[in-house]
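Chemist: Handing you a structure now.
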Amino acid sequence: MKDFKNKNGFITGAASGIGRSFALALAKRGMNLYITDINIDGLEKVKLELEKRGVKVFTGKCDVSKYDDFEKVANDFYEKMGEVDLLINNAGISIGMDMLNIDLEVWQKVIDTNLSSIIHSIKAFLPRMVKRGSGHIVNIASGAGILGIAEPIPYIASKFGVVGLSETFFARLKNLGINVSVIVPAWVKTNILVIDADKIQYPPKLLKDFGKEKLDTAYTTLMDTIAEGAISPDDAVEKYIEGIEKNQLYVFDADFYLELLKVKGEDPKQYENFLVEGLVNRGKKFREHFHNLGINIEDYM
Numbered sequence: 012m013k014d015f016k017n018k019n020g021f022i023t024g025a026a027s028g029i030g031r032s033f034a035l036a037l038a039k040r041g042m043n044l045y046i047t048d049i050n051i052d053g054l055e056k057v058k059l060e061l062e063k064r065g066v067k068v069f070t071g072k073c074d075v076s077k078y079d080d081f082e083k084v085a086n087d088f089y090e091k092m093g094e095v096d097l098l099i100n101n102a103g104i105s106i107g108m109d110m111l112n113i114d115l116e117v118w119q120k121v122i123d124t125n126l127s128s129i130i131h132s133i134k135a136f137l138p139r140m141v142k143r144g145s146g147h148i149v150n151i152a153s154g155a156g157i158l159g160i161a162e163p164i165p166y167i168a169s170k171f172g173v174v175g176l177s178e179t180f181f182a183r184l185k186n187l188g189i190n191v192s193v194i195v196p197a198w199v200k201t202n203i204l205v206i207d208a209d210k211i212q213y214p215p216k217l218l219k220d221f222g223k224e225k226l227d228t229a230y231t232t233l234m235d236t237i238a239e240g241a242i243s244p245d246d247a248v249e250k251y252i253e254g255i256e257k258n259q260l261y262v263f264d265a266d267f268y269l270e271l272l273k274v275k276g277e278d279p280k281q282y283e284n285f286l287v288e289g290l291v292n293r294g295k296k297f298r299e300h301f302h303n304l305g306i307n308i309e310d311y312m
């Protein structure tokens, strides 16, 4: 997709982070936008920013995990804007906790928000896009969608699913005039790197030995340590738009993942070793963070 001026875009999770940056960058290029989020106050603030660019902007509340919400905003989009040229499925969540203490409700919430949301979007928008024979779908995945060593595990599962769906739709829709891109961010400074301590289910013994206040401090500062070197969402989005303009299937903001995919194909054993070593190295930084706070975290894992 090379020309954005006077075209129509739809973005989920646009109240902050990558979604907001996408909206601002596309408005700068003259695209009219329909933006959604569950955070209506934040969404309205973004709308005011976008309208200063001189484009048409509409907003809608949408919990992407619910198809009824998606259907409602899709119908509103068509009524107010006409056909969709660029569909960006960005909304997502990450809930962190130990592998052995993940409730089924957490699994379901993450899968519904990150993966089922793509299915909801496709069901709501794709029929008219196919009938029209044009449009571009962009799904936001993650480096955790092609490299299975990061935590939390439900997030990895959901993002691998997003990558798989994107490849399938790319193959199925290319000859129908519709392009598909999957964005694979590395570390981007967004709210997804912020840990909500109230949602963490601490192992009972860990909680008993150190107390919630100390554990909250340890976990909420953890991502600051892990995500050193993260880039801003504005800088990341400029790279993503370059990939969209070239109609690329995969769009990366770090060459690191391309190199890993090459190793995965050419030397599976080396890749296996990398997965294990990468997890060990990541675990080392994780443990050092807790050690600095007087917590021997390995005793509770």
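One point on numbering: in the working numbering, the residue at position 226 of the sequence shown is 237, and numbering is uninterrupted. Note that beta-carbon positions come from the ideal geometry of N, C-alpha and C, so glycine has one too.
#1: Rounded to whole angstroms, what is the Cα-Cα separation between Phe181 and Gly154?
#2: For a quick check, are the C-beta atoms of His147 and Asn190 less than 8 Å apart?
#3: Please report the straight-line C-alpha distance between Tyr216 and Phe297, rounded to a whole angstrom.
#4: Could you tell me the distance, in whole angstroms, from the CA atom of Lys142 to the CA atom of Tyr89?
#5: Round the Cβ separation of Val248 and Ser32 to the nearest angstrom and send it over; I've been treating them as touching at under 8 Å.
#6: Flag this pair as yes or no: are the beta carbons of Val174 and Ala152 separated by less than 8 Å?
#7: Contact check, Val57 vs Ile49 under 8 Å by CB: the rounded distance?
#8: Suppose contacts are defined by Cβ-Cβ distances below 8 Å. Is Leu176 in contact with Tyr268 by that definition?
#9: Sorted by chain position, which residues of the same chain lie with C-beta nearer than 7 Å to Ala26's C-beta, five sequence neighbours on each side aside?
#10: Just to confirm my understanding: we take Thr232, look at its own chain, exclude 5 residues before and 5 after, and list those with CB closer than 8 Å. What are they?
#11: Apart from the five residues just before and just after Ala323, which ones in its own chain have a Cβ nearer than 6 Å to its Cβ?
#12: Please confirm if Leu111 has its CB atom under 8 Å from at least one CB of chain B.
#13: Hey, Asn86 and Val66 are a contact pair by Cβ (cut 8 Å); roughly how many whole angstroms apart?
#14: Which runs of the beta strand (DSSP E) fall wholly inside the region 32-71 and span at least 3 residues, in chain order?
#15: Which first and last residues belong to the alpha helix (DSSP H) in which Leu15 is found?
#16: Let me know the secondary structure DSSP gives Ile189 once reduced to three states.
#17: When the Cα of Ser7 is compared with those of Ile113, Ile167, Val84, Lys77, which residue comes out closest?
Modeler: This is what the structure holds:
#1: 19 Å
#2: yes
#3: Rather than Tyr, the amino acid found at residue 216 in this sequence is Lys. Between Lys216 and Phe297, the C-alpha separation is close to 19 Å.
#4: 14 Å
#5: 4 Å
#6: yes
#7: Their Cβ separation, rounded to whole angstroms, is 13 Å, which puts Val57 and Ile49 out of contact at 8 Å.
#8: no
#9: Asp48, Asn50, Gly53, Leu54, Val57
#10: His300
#11: Missing from the structure shown is residue 323; the chain here goes from 12 to 312 and no further.
#12: The displayed structure is made up of one protein chain only, and chain B is not part of it.
#13: Wrong, their Cβ atoms sit about 21 Å apart, outside the cutoff.
#14: 43-48
#15: In the sequence as displayed, the identity of residue 15 is Phe instead of Leu. Run containing Phe15: none; DSSP gives neither H nor E here.
#16: coil
#17: Residue 7 is absent from the model: the chain starts at 12 and stops at 312.
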